[in-house]
Structure formats: C-alpha cells, structure tokens
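First to last, the protein sequences are chains B and V. Residues in the first sequence are numbered from 96 upward in steps of one, following my numbering. Residues in the second sequence are numbered from 96 upward in steps of one, following my numbering. A virtual CB, placed ideally from N, CA and C, is assigned to each residue, including glycine. One structure is given here, and the rest of the page talks about it.
Protein chains: 2
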Amino acid sequence: MARKTEIKLTRFELEIMEALWKLSRASVREIRESLPERRRPAYTTVQTMVYRLEEKGAVRRVKKIGNAHIFEPALTRKAAHRQVVDHMLEWFGGSARPLVAHLVEFGKLTLEDVREMEKLLAGGRR
Amino acid sequence: MARKTEIKLTRFELEIMEALWKLSRASVREIRESLPERRRPAYTTVQTMVYRLEEKGAVRRVKKIGNAHIFEPALTRKAAHRQVVDHMLEWFGGSARPLVAHLVEFGKLTLEDVREMEKLLAGGRR
DNA sequence: ACAAGCCTATGACGGCCGTAGTAGGATTAA
DNA sequence: TTAATCCTACTACGGCCGTCATAGGCTTGT
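In structure tokens:
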C-alpha cells in the first residue's frame with residue numbers, strides 16, 4: 096500500500112515548519128525573521144534546517160525570486176502533528192489513555208478542559 | 096531553589112528504567128533478560144545504557160553480588176514520567192489542551208475515555 | 001560598470017545515542 | 001588448580017542534530 100513515507104521531524108524542525116505553515120511560502124530569510132527572537136539562530140543554521148527538511152520531503156522549492164529560493168510545506172500541519180502524536184503515544188505503550196491519565200495526575204488537565212473535550216466529542220460526532 | 100537537576104531520558108533509557116522499576120534492584124544481566132525479546136540488544140549495549148543512566152543520576156549501584164554490580168533506580172517512575180510529559184507538552188506550546196485536542200481529532204481518545212477521565216477528576220478532587 | 005550585499009552550496013564539528021567489541025580481572029565448577 | 005565463564009571498564013563508530021563558516025555566484029543601487 097505504498098506507505099506514505101514516514102517523515103520524522105525534530106522539535107526544531109517542527110518549529111521551522113510551523114513558521115512555514117504560517118507564511119505559506121517563504122525564503123530562508125523570511126523563515127528566519129519569523130522565528131521568535133529567543134529562537135533565532137544564524138542564517139545558515141536555518142538554511143541547513145530547511146535543506147534537511149527538503150531532503151526529508153517536508154518542504155519543497157516552488158520558485159525563485161531574484162536568486163533566492165522560495166519554499167513551501169510539502170506536508171500538512173495536520174499530518175505532521177499526527178506523526179508527533181503517534182510517536183508520543185509510543186512512550187506510553189501506544190495508547191492515549193495512560194498519557195492522558197498522566198496529564199490529569201500532574202494537573203496538566205483541569206476538569207474544565209475535560210468537559211470541553213467531552214463536548215467536542217459528543218457534539219462533533221459522525 | 097536548588098533545582099532538582101533535570102534528568103532527560105531517551106526512549107530506550109526509559110525502557111531500561113521501566114525494567115528496573117519492575118525489578119526494584121538488578122544486575123545488568125537481569126535487566127537485559129527482562130527486556131522483551133524484540134528489544135534485547137547485546138549485553139554490553141545494555142551495560143552502556145545503565146552506565147549512562149548512572150551518569151545522568153537515574154540509577155545507582157547499591158551493592159555487589161559476586162563481582163556483579165546491583166543497580167537500583169535513583170528516580171521514581173512518577174518523576175520520570177513527569178519529565179517525559181513535560182517535554183511532550185513543549186511540542187504543543189506547553190499546554191495540554193492542544194495535545195489532547197489532537198488526540199481527540201485523530202481518534203485516539205473516545206468519548207468513553209474522556210468520561211472516565213472526568214469521573215477521575217471530579218471524584219479524586221481535593 | 002562596480003562595489004556592496006544577498007544567497008547558495010558545501011563542509012565541518014561536537015554532542016548525544018544506540019550499538020557493540022575487547023582486554024583483562026573475578027568467580028566458579030571440576 | 002585450572003579452565004571456562006562472567007562481569008567490568010573502556011573504546012569505538014556511525015547517524016542524526018544543532019550549530020555555523022566560508023567561498024563564490026547573483027543582484028542591485030549608484
């Protein structure tokens with residue numbers, strides 16, 4: 096079934112992707128500028144990340160403006176997040192239940208959060 | 096406030112720890128034997144992991160039997176899981192809400208799961 | 001036409017991780 | 001006592017990641 100080629104992103108790569116998803120299309124410079132100041136490494140560092148994302152198939156070059164390449168995501172935010180979530184679940188035996196149990200235990204989830212969730216599930220059924 | 100020294104574990108290190116938590120105390124060999132067959136690398140590989148866990152302060156040597164060292168966890172399962180969860184949350188902006196939203200979106204959480212959670216929260220309050 | 005500046009392509013490096021081999025000391029079964 | 005076995009302490013290595021420098025080609029303002 097022609098596996099959709101697993102694309103594994105690191106945390107920082109995901110941040111680059113987030114920037115790119117927001118921008119839709121952008122040059123390395125634009126991506127760099129759009130990163131929060133506290134997380135803005137050298138130009139070539141960002142460039143390297145973008146290149147590696149390209150190798151991984153997460154972004155692609157769409158055109159050139161002047162001599163600068165313009166990149167766009169080759170992966171939807173949703174698909175990427177799905178991967179991330181799936182990997183996280185592996186840490187908890189593959190099931191969401193224990194993970195959420197931990198969230199609750201550590202007070203990361205309030206009763207309100209959960210009620211909201213429930214509403215979402217009950218309402219958005221199909 | 097004398098930070099409790101962050102101990103960052105990788106996935107495999109966590110698996111070793113899980114083994115050790117189950118065993119309470121064990122030698123490298125015992126740890127290795129207790130790993131599921133599909134995940135049982137060479138003896139020295141396990142040894143290296145244990146040594147590195149020792150450096151990270153996650154395990155400690157408690158005694159010797161014959162010439163073999165016996166190790167025990169120097170970190171509770173709960174504390175370790177807390178770290179893991181915290182790191183995961185960072186991927187989602189530090190809040191559990193979006194993470195759980197994704198779980199719901201991708202069908203990893205059922206209405207039942209959430210109701211269970213709610214019961215837990217409502218009941219176990221204080 | 002040219003200097004100044006921007007971008008690209010490539011190379012590098014150190015740290016962490018998973019993996020394992022090896023030398024040699026310690027233990028044990030005969 | 002001695003050979004077989006076990007365990008330790010090191011060393012190594014390649015891959016991935018975050019980090020960046022450098023060389024040189026392209027573009028542009030004057």
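Cβ-based contacts, 7 angstroms cut-off: residues of the segment 189 to 218 of chain V near chain B: 191, 192, 195, 197, 198, 199, 201, 203, 204, 206, 208, 209, 210, 212, 213, 215, 216, 217
For residue 196(V), the nearest candidate out of 212(B), 187(B), 201(B), 182(B) (CA to CA): Here residue 196(V) refers to the residue found at position 101 when the second sequence is read from its first residue. Cα-wise, what sits closest to residue 196(V) is 212(B).
Cβ shell of residue 109(V) (< 6 angstroms), same chain only, five flanking positions each side left out: Counted from its first residue, the second sequence places residue 109(V) at position 14. Excluding residues within five positions, none has a Cβ falling inside 6 angstroms.
Own chain residues within Cβ distance below 8 angstroms of residue 114(V), not counting five before or after: For the purposes of this step, residue 114(V) is taken as residue 19 along the second sequence, with counting starting at 1. Hits under 8 angstroms: 121, 126, 129, 130.
Below-9 angstroms beta-carbon distance, residue 108(V) vs any chain B residue: On the second sequence, position 13 is the one that residue 108(V) refers to. Closer than 9 angstroms: no.
Cutoff 9 angstroms: residue 185(B) Cβ touching any chain V Cβ: Here the question's residue 185(B) lines up with position 90 in the first sequence. Yes - at least one Cβ of chain V is within 9 angstroms of the one on residue 185(B).
Integer Cβ distance of residue 170(V) from residue 184(V), believed to fall under 8 angstroms: Start at 1 with the first residue of the second sequence, and residue 170(V) comes out as number 75. Start at 1 with the first residue of the second sequence, and residue 184(V) comes out as number 89. Not really, about 19 angstroms apart at Cβ, beyond 8 angstroms.
Proximity test, Cβ basis, 9 angstroms: residue 221(V) and chain B: Counting from 1 along the second sequence, the entry for residue 221(V) is found at position 126. Confidence at residue 221(V) is low in this model, with a pLDDT of 48, below 50, so its placement is unreliable and the value that follows should be read with caution. Not closer than 9 angstroms to any Cβ of chain B, the Cβ of residue 221(V) fails to qualify, so no.
DSSP three-state assignment for residue 131(V), whether helix, strand or coil: Mapped onto the second sequence, residue 131(V) falls at position 36. Residue 131(V): coil per DSSP, three-state reduction.
Distance CB(residue 111(V))-CB(residue 141(V)) smaller than 9 angstroms: One-based indexing of the second sequence puts residue 111(V) at position 16. One-based indexing of the second sequence puts residue 141(V) at position 46. Yes.
Residue 160(B) - DSSP class collapsed to helix/strand/coil: To locate residue 160(B), count along the first sequence from 1; it is residue 65. Strand at residue 160(B).
Buried/exposed call for residue 145(B), threshold 16 Cβ in 10 Å: Here the question's residue 145(B) lines up with position 50 in the first sequence. Looking at its Cβ environment, which holds 16 or more other Cβ atoms inside 10 Å, residue 145(B) is buried.
Option in 134(B), 162(B), 151(B), 182(B) with minimal Cα separation from residue 100(B): Taking the first residue of the first sequence as position 1, residue 100(B) is located at position 5. Checked all of 134(B), 162(B), 151(B), 182(B); the closest Cα to residue 100(B) is 151(B).
Candidates 198(V), 138(V), 102(V), 106(V): closest to residue 192(B) by CA position: Position 97 of the first sequence, counting from 1, holds the residue named residue 192(B). With distances taken between Cα atoms, residue 192(B) lies closest to 198(V).
Residues bridged to residue 166(V) [DSSP beta-bridge criterion]: For the purposes of this step, residue 166(V) is taken as the residue at position 71 of the second sequence. Beta-bridge pairing links residue 166(V) to 121(V), 156(V).
Buried versus exposed call for residue 181(V) [16 or more other C-beta atoms within 10 Å across all chains shown]: Walking along the second sequence from the start, residue 181(V) turns up at place 86. By the neighbour-count rule (16 or more Cβ atoms within 10 Å), residue 181(V) is not buried but exposed.
Residue nearest to residue 106(B) in terms of C-alpha spacing, selected from 188(V), 148(V), 147(V), 209(V): Here residue 106(B) corresponds to residue number 11 of the first sequence, with the count starting at 1. Answer by Cα proximity: 188(V).
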